[in-house]
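Presented below is the structure to which this report refers.
Residue numbers (my numbering): 523 to 589.
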């Protein structure tokens, strides 16, 4: 999420996850679940709004990712 917030690009966050997780494809659904959880914070906490928005966007990028 931090990379996506820093660069304002969801693809950067997705690429970071692909590089950091050896089993990215095997963990993809789990990553989406965690990112969706953090994305839900967008409306619950002003403090987390930017990170939550980035998480939601990165979740979409991961969900739409294909080999």
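Using N, Cα and C, we set each Cβ at its ideal position, and we do this for glycine too.
Check	Outcome
Within 10 angstroms of the Cβ of residue 535, are there 16 or more other Cβ atoms? Answer buried if so, exposed if not.	buried
Short check: CB of residue 550 to CB of residue 561, under 9 Å?	no
State whether the stretch 570–585 contacts the stretch 529–543, with contact taken as three or more CB pairs (one from each stretch) at a distance under 8 Å.	yes
The alpha helix (DSSP H) with residue 536 in it runs from where to where?	532–542
To the nearest angstrom, report how far apart residue 586 and residue 554 are at their CA atoms.	10 Å
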